[in-house]
Structures are given as C-alpha cells and as structure tokens.
Amino acid sequence: MSDSQGPIWEVFVQKKPGQPFVHCGSLHAFDKEMALQNARDLYTRRSEGTALWVVPSSAIVSSSPEDLGPFFEPANDKVYRHPTFYQIPEGVKHI
Amino acid sequence: MKNHDKYHLIFAYESRIFVAMENANTNPKMEEWFDAKLQKNEMVEPKDWMPDNYRKHLIRQISQHAHSEIVGMLPEGNWITRAPSLRAKIVLLAKVQDEGGHGLYLYTAAETLGVSRDELLDALHTGKAKYSSIFNYPTLTWADIGAVGWLVDGAAIMNQVMLQRTSYGPYARAMVRICKEESFHQRQGYESICHLAFGTEEQKQMAQDALNRWWWPTLMMFGPTDANSPNSANAIKWKIKRESNDQLRQRFINQTIPQIEYLGLTVPDPDLKWNEEKNGYDFGTPNWDEFMAVISGNGPCNKERLKARVDAHKGGEWVRAAAKAHADKKREMEFAA
Ligand SMILES: [Fe+2]
Ligand SMILES: [Fe+2]
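Chains A and B are the protein sequences, given in the same order.
Just so you know, we're using this note's numbering here: the first sequence kicks off at 1 and counts up by one.
Just so you know, we're using this note's numbering here: the second sequence kicks off at 1 and counts up by one.
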C-alpha cells in the first residue's frame, strides 16, 4: 500500500555475522536507500545488528492460513526424514 | 448528566466506526475457530480470519497507542534546548527519539490490519482519534521531565508489559521491542528526580511540585474504573488485554509509593494508606470529571499539541514530495539505462 509516506518495506536484521536474518518489523520509505537508512535509525539504535535487509512488502509472497493443513500436509507422514527414525546398534558411536 | 452517562457518550463516539460494522461480517463457524485459537493462547496473525469487531478494536487501540507515542514527544521535546547539562540533553534526545520509534513500530502494526498510514494520521490531525490524556498537561519546570520519565513512562510500562502477551502477533512483537527500550526511560527519570530530591531545598520543592501535578493525571492513564470502562470486556475476552484498568492502577501504586518514600517526598493523596488485608494501598478517587474534560479536548494543552502535530505534518510535506520525485526520477533512469 503506497501513501504519502511511500510504500511499506519489511526489515530483516542479522544480529551477528554468520547468523540468519530475522524479520523485525516494517517501515515506509520512497526508495531503497531511504528504506535502508530508516531501517538503521528505527531498528538498530542500540547495536541490535551488524547487517540489514530491506524488502518491499509487495515483493513478499506468503502462504495463507487457510492452506495451513493441505499445504504443509505432505511433510506430516514422512517420519523417515528425521534421524530418530533409524535404529543404530548399541555400542556404535559418533553416528 | 451522571458520570456514567458521560463515559458512555465518549466511548460510544470513539467506537462508532466499529459499532457500525457490527454484524456486517458474522460467520459462526469461523468465530468458533477463532475463539478456540484464543483459548489455546495462539497468536492471531494478519492474514488469519478475525471477527470485524476484533479488527476494529485493535485498529482503534493500536493507533491510539501510536498517536500517544508521537504526541508524547512534544511535552518532553519542550525541554531539549533547555536541558541543564550536556548529559541531560543527550539522554533526553535519545528518549524522545525512542518515543518516535515506538510510534512508528505501532503505526506499522496497525497497518497490518488493513488501514493506511494516511488514514491513521488523518484521524489524529482532524481530532477524530484519541491519544493518552496525559500528554495534554504542560511540562512547566525541569523537574517535570524527571517526573514524566519516572511516573508517566512507569505507568506506560505497566500497561505495555501486559501487552507483550496480547493476542495479535504484530502488536505483541512491537511491545516486546518497546518494553526493552522503556526501562531506560523510567530509570533516567527517577535518577533525575533523585538529583532534585536530594539537592537544595529549592530543588526538592521543584520535585515535590512536579509530583503534585503529575500524580493524579498519571493514575488516570490507566483509564476509567472497570465499572465505567465499556470497551474493557471485549478486550479481555479477546485477550487483547489480560488485566483490567483497576488491577494495573493498583499495581502501579503499590510499586511507586516506596520509590516516593525513598525520595522523602509526599504523595498528594490524603486517603492513601496501606491496607494489610489486600496487601496493597488504598487510595483516593481521581478527578474523573477532569479526565473527561481532558479526553474530550479541553485539557490545558490539547489545542497546542494538535496544532504542533498538524504543523509538523504540513511542514514535512515538501520533504515527502521531494523524496518521492527523487525516487520516481531514479526509477525512470534505471528503466532508460
Ligand atoms: Fe514509548
Ligand atoms: Fe517511553
């Protein structure tokens, strides 16, 4: 939604190098430079991060709550994707 | 008019949008699903189905909260250029900047419910939307800045700590961020009041005078008593709020009185006394007529605050236009290249 404050952007912060980027909120800005500067001022005033991503909200594609069941259902009956499904003889180590 | 009728009028006015929407989109099956979700203490997220009244209630509450943060910058901003030391000045600047940030977190949380920033700002600027009545009081002396941080932010924290567990995800997440930042606000206020209370006799008087003026308006920040708070029942039912106005007010008083005693200052309430049985303080009745007057636009600074907001918004118009023109031009050039 674009209004007098510019379009909405989603902000992702990486706390420390090597860690995943985590969504922390959103903001309004007219372009990417402004979005990045606003994100710095708004979400990292106390050194909360060492790197930032800003993404136009409109570019984000999300699953919808209604297909929570069917959409994720294929994973439900595949216990063999987890390590605990397999039996390892007693005494065998480091596996 | 009896007091009770007056509350009713005001809150009916505030919530008239959502009263009009009532029954517009009822869906018994989805409502059952929604209630079960709340029962399990699951968070509601923007794309989830929700009852219209839940959405309206949240838009009203979150935007009022956002407006309070933004208007709340004004009484403290009043002292930035007159702070008594460089340390006091950078602290106050950082605090006021935080409040601006809180407003922005909250506006974007409200926007996830399908309302635009322009609509929200417009409601504030035209006087349709409310903000916390406390910010319609003036900050007359430097001691008021300490009192605001200590008492006003202290009362806000009481409410906001509860709201970290509110049922709407984006609101709850904004609250977690805000609460992390708030504790510095209250501590810097108390530190500042300590300097005065343990300073010269004149400084101590300043601190007492600030306490006298801010005490009752601070207690009113928790809103009308439970018996006179028609919106509270829904807020509790929907787990937007988890404690009532009276519960929060009582906890604030219990926690603040020892802080006042430490300062050697006097609480401006002759009815205040410890009640062993309820393990809390009994206290006098706030002047609810004054509360109603301030919330209806007739407090000492309502007009000044609103004018400052409108002027700031208008004053920023050319900046927004320039930023937009710049962004448009750059996009064009990228296409051309
Ligand atoms: Fe705040
Ligand atoms: Fe604050």
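Beta carbons are placed, not taken as given, at the ideal position from N, Cα and C, and that holds for glycine.
Non-local beta-carbon contacts of B:M220 in its own chain, meaning distances under 7 Å to residues more than five positions away in sequence, involve S133, P286, F291 in chain order.
Here the alpha carbon of B:S192 sits roughly 41 Å from the alpha carbon of A:G18. For the stretch 71–86 of chain A, there are no residues whose beta carbon sits under 9 Å from a beta carbon of chain B. With 16 or more other Cβ atoms inside 10 Å of its own Cβ, B:S68 counts as buried. Counting other Cβ atoms within 10 Å of its Cβ, B:A207 reaches 16 or more and is therefore classed as buried. Distance from the CA of B:L93 to the CA of B:G316, rounded to the nearest whole angstrom, comes to 20 Å.
Nearest C-alpha to B:T266 among B:R213, B:I62, B:S296: B:R213.
Annotated three-state conformation of A:H23 is strand, per DSSP. Between ligand 1 and the CB of B:E69, the shortest heavy atom gap is smaller than 7 Å. Among the residues facing chain A, B:T108 is included, as its CB has a counterpart in that chain under 8 Å away.
In its chain, beyond the 5 residues on either side, V71, L74, F135, N136 have a beta carbon closer than 7 Å to the beta carbon of B:R305. Proximity of B:Y171 to chain A, defined by a Cβ-Cβ separation below 8 Å, is not satisfied.
Neighbours of A:Q5 across chain B, judged by C-beta separation under 8 Å: R117, D118, R320. Interface with chain A (8 Å Cβ-Cβ cutoff): B:L104 is included. Chain B places no beta carbon closer than 8 Å to that of A:P20, leaving this residue out of the contacts.
As a beta-bridge residue in DSSP terms, A:D3 pairs with A:G6. For the stretch 294–321 of chain B, the beta-carbon criterion of a distance under 7 Å to any beta-carbon of chain A is satisfied by R320.
Residue pairing by DSSP places A:H28 opposite A:I8 in a beta bridge. Residues A172, R242 of the same chain have their beta carbon placed closer than 7 Å to that of B:R165, with the five preceding and five following residues left out of the count. Fully contained in the stretch 45–69 of chain A is no alpha helix (DSSP H) run of length 4 or more. By the rule that beta-carbons nearer than 8 Å mark a contact, B:K330 touches chain A. Contact between B:I80 and B:V91 is absent: CB atoms are separated by about 10 Å, not below the 8 Å threshold.
At a C-beta separation below 8 Å, B:D35 has no neighbours in chain A, since its nearest C-beta there lies roughly 16 Å away.
Ranked by Cα distance from B:Y190, the options B:F335, B:A110, B:Q259 are led by B:Q259. Judged by the Cβ position, A:E66 fails to qualify as a neighbour of ligand 1 at the 7 Å threshold, every heavy atom of the ligand being at least this far. Contacts between B:G101 and chain A, judged by CB atoms closer than 9 Å, involve D41, L42, Y43, R45 in chain order. Comparing C-alpha distances from B:D48 to each of A:F85, A:S26, A:V92, A:S64 shows the shortest one belongs to A:S64. Within the chosen limit of 7 Å, ligand 2 reaches the beta carbon of B:A156 through at least one heavy atom.
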